[in-house]
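The listed protein sequences correspond, in order, to chains A and B.
My numbering applies: residue 1 is where the first sequence begins, and numbers increase by one.
My numbering applies: residue 1001 is where the second sequence begins, and numbers increase by one.
All C-beta atoms, glycine included, are put in the ideal place defined by N, C-alpha and C.
Just so it is clear, the structure is predicted and the values come from calculations on it, not from any experiment.
Written out below as structure tokens is the structure these notes cover.
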Amino acid sequence: MNIFRLAGDMTHLASVLVLLLKIHTIKSCAGVSLRTQELYAIVFATRYLDIFTSFVSVYNTFMKLVFLGSSFSIVWYMRYHKAVHRTYDREQDTFRHWFLVLPCLVLALLIHEKFTFLEVLWTFSLYLEAVAILPQLVLLQRTRNIDNLTGQYIFLLGGYRGLYILNWIYRYFTEPHFVHWITWIAGLVQTLLYADFFYYYFLRFIGGRGVE
Amino acid sequence: HIQQRLHDEL
């Protein structure tokens, strides 16, 4: 564990907590894409399949449970909780996210580090996570103005993988044989997708107004 | 163990 990875995990945790805070306290999911949340639930479900078979550390297992629990409960809230569901912007959240799942699965079957069931699904989760934010970014374009909590959520979610890139650079220079092109490229693509959001976020943030 | 190292990340 290094400071970059810890900062990345904490940023990721913060993004999930901000979203849960928004949905649970003000009972609103305005501006949040249910489709992105569904993709993230699939990402965690396929990435953490080894949660019971391979124990890394208490921290690792605890964080996996937090991410699994929070992503599925956010989907549940947005789908079935009456008050929250009412604030869901169904007409605008129309990105065909299922069209992202199949290509990621095919790509994982073609490009992976080891051809085993767990490894292919793990690689699938990497590819899917790289594009999972697309429905949210499209929704953002359509709803123009979003509240600060949603803006913070997206900012933290984009930032965590950027910190992971610093973690991979650090581990590449400090650990022999630590080379994982698939993880690195997927992480880079994921972070680059946030580039224009970061641009507007900092513009607004410096301006001191909400994120538009 | 290298494989394990890769999957020691979230």
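Per-residue contacts from residue i into chain B (C-beta, under 7 Å)
{"i": "S71/A", "result": "Per Cβ cutoff of 7 Å: no residues; S71/A is ~12 Å from chain B at best."}
{"i": "D147/A", "result": "Here the premise fails: no neighbours, minimum Cβ distance about 28 Å."}
Euclidean distance between Cα positions of residue i and residue j
{"i": "Q37/A", "j": "I3/A", "result": "27 Å"}
{"i": "V41/A", "j": "H177/A", "result": "In the sequence as displayed, the identity of residue 41/A is Ala instead of Val. Between A41/A and H177/A, the C-alpha separation is close to 31 Å."}
{"i": "S28/A", "j": "L128/A", "result": "26 Å"}
{"i": "T25/A", "j": "H12/A", "result": "20 Å"}
{"i": "F145/A", "j": "S71/A", "result": "First, the amino acid is wrong: residue 145/A is Asn here, not Phe. Rounded to the nearest angstrom, the two C-alpha atoms are 24 Å apart."}
{"i": "F197/A", "j": "D93/A", "result": "18 Å"}
{"i": "W184/A", "j": "L137/A", "result": "22 Å"}
{"i": "H1001/B", "j": "A30/A", "result": "For H1001/B, the predicted structure reports a pLDDT of 49, less than 50, and the residue's modelled location is therefore unreliable. A value from the coordinates is still provided. Going from the Cα of H1001/B to the Cα of A30/A covers about 45 Å."}
{"i": "V66/A", "j": "V106/A", "result": "28 Å"}
{"i": "E175/A", "j": "Y164/A", "result": "15 Å"}
{"i": "R5/A", "j": "D89/A", "result": "34 Å"}
{"i": "A83/A", "j": "L34/A", "result": "15 Å"}
{"i": "L192/A", "j": "A186/A", "result": "10 Å"}
{"i": "L1010/B", "j": "F115/A", "result": "20 Å"}
{"i": "F155/A", "j": "L110/A", "result": "32 Å"}
{"i": "W98/A", "j": "M78/A", "result": "18 Å"}
{"i": "W168/A", "j": "S73/A", "result": "30 Å"}
{"i": "G8/A", "j": "F124/A", "result": "21 Å"}
{"i": "F52/A", "j": "P103/A", "result": "28 Å"}
{"i": "N60/A", "j": "Y48/A", "result": "10 Å"}
{"i": "V56/A", "j": "F62/A", "result": "11 Å"}
Contact set between residue i and chain B, taken where Cβ atoms lie within less than 9 Å
{"i": "N2/A", "result": "None at all; the shortest Cβ gap to chain B is about 11 Å."}
{"i": "R5/A", "result": "E1009 and L1010"}
{"i": "D50/A", "result": "H1007"}
Chain B contact residues for residue i, given Cβ-Cβ distances below 8 Å
{"i": "F124/A", "result": "Result: empty, since nearest Cβ-Cβ is about 14 Å, beyond 8 Å."}
{"i": "F67/A", "result": "L1010"}
{"i": "M63/A", "result": "L1010"}
{"i": "D9/A", "result": "L1010"}
{"i": "N60/A", "result": "D1008 and L1010"}
Presumed contact (8 Å Cβ cut-off) between residue i and residue j, rounded CB distance
{"i": "L39/A", "j": "L100/A", "result": "7 Å"}
{"i": "L126/A", "j": "I182/A", "result": "7 Å"}
{"i": "S15/A", "j": "Y153/A", "result": "5 Å"}
{"i": "V58/A", "j": "L149/A", "result": "No, V58/A and L149/A are not in contact; Cβ-Cβ is about 30 Å, not under 8 Å."}
Span of the alpha helix (DSSP H), counted from its first residue to its last, around residue i
{"i": "R90/A", "result": "No alpha helix (DSSP H) contains R90/A, which DSSP labels as neither H nor E."}
{"i": "F173/A", "result": "N148 to T174"}
{"i": "M1/A", "result": "From DSSP, M1/A is part of no alpha helix (DSSP H); its letter is neither H nor E."}
{"i": "N60/A", "result": "V58 to Y80"}
{"i": "S28/A", "result": "Note, S28/A: premise wrong, no alpha helix (DSSP H); not H, not E."}
{"i": "S125/A", "result": "F117 to V131"}
{"i": "V138/A", "result": "L134 to T143"}
{"i": "F99/A", "result": "W98 to L110"}
{"i": "V189/A", "result": "W181 to L192"}
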